[in-house]
Amino acid sequence: QVQLQQSGTELVKPASSVKISCKASGYTFTSNYMHWIRQQPGNGLEWIGWIYPGNGNTKYNQKFDGKATLTADKSSSTAYMQLSSLTSEDSAVYFCARDYGGYVMDAWGQGASVTVSS
Amino acid sequence: DIQMTQSPASLSASLGETVTIECRASEDIYSNLAWYQQKPGNSPQLLIYDANSLADGVPSRFSGSGSGTQYSLKINSLQSEDVASYFCQQYNNYPNTFGAGTKLELK
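Respectively, the protein sequence lines represent chains R and L. Counting along the first sequence from 1, when you hit position 52 you're at 56 in the working numbering, and nothing is skipped either side. Counting along the second sequence from 1, when you hit position 56 you're at 107 in the working numbering, and nothing is skipped either side.
Shown next, in the form of structure tokens:
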């Protein structure tokens, strides 16, 4: 079955960067887009962007341009998201999610919690 | 960006009851709408896509309907495992956007 295993909780300092991983299994990693979504405490969901692991193409929500960088390693079936210049506003749970087709997300990672605090 | 307005924000219902959650888009999204369920402490799970198509493994008591700017998620015969937050998502326009969610509790 499709599984997306994300890295764990991160406590990071303001102005630093963090890199979250999402290891995929149970399907052909290079055949599906991978989305990243943010959920701030008590808030809804925001789409950050996608990467197509087959060729490395990416597309970002304009809101996260310059904040998030998406990459993928085909050899390990792992997608990554790096968040830079962190502020307290970036404290959130970040999910990876497989694209089923046309931005429908049919499998989600368990989420990675990022807390930005000095 | 397209705004997705969900109502109600929270809802309390009894076991066996039928529940309906609404989602209104700020413009026509041509049925490019999905519904997700997020149980406390878990990640969202896909319930419905293309406004009315049931995702694999989702119980048939869940159904979606609507068109244009107005959509709804219906849960027949509410079960205890349906306690969760529910989110709608439009994917007709870039960027895809989500509603703020409806929190469903048992009465």
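Every residue gets a Cβ at the ideal spot worked out from N, C-alpha and C, and that includes glycine.
Just the chain L side, please: which residues come within less than 7 Å of residue 109/R by C-beta, in chain order?
97
Tell me, please, whether the CB atom of residue 103/L is closer than 8 Å to any CB atom in chain R?
no
Measuring alpha carbon to alpha carbon, tell me which residue in 93/R, 88/R and 68/R is nearest residue 21/R.
The option with the nearest alpha carbon to residue 21/R is 88/R.
Taking the alpha-carbon positions, what's the residue 86/R to residue 142/L distance?
24 Å
Apply the 10 Å Cβ neighbour rule to residue 148/L and answer buried if 16 or more other Cβ atoms are within range, or exposed otherwise.
Taking a 10 Å sphere around the C-beta of residue 148/L, we find 16 or more other C-beta atoms and assign the residue as buried.
Name the chain R residues whose beta carbon is nearer than 7 Å to that of residue 94/L?
99, 112, 113, 114 and 115
Along chain R, which residues have their Cβ under 8 Å away from the Cβ of residue 147/L?
51 and 107
Output the distance between the C-alpha atoms of residue 79/L and residue 56/R, rounded to the nearest integer angstrom.
28 Å
For residue 12/R, which residues in the same chain have their Cβ closer than 6 Å to its Cβ, ignoring the five residues on either side in sequence?
none
Suppose the cutoff is 7 Å on Cβ atoms and the five residues either side in sequence are ignored; what does the same chain contact list for residue 120/R look like?
These residues qualify, in order along the chain: 16, 18, 90, 91, 92, 94 and 95.
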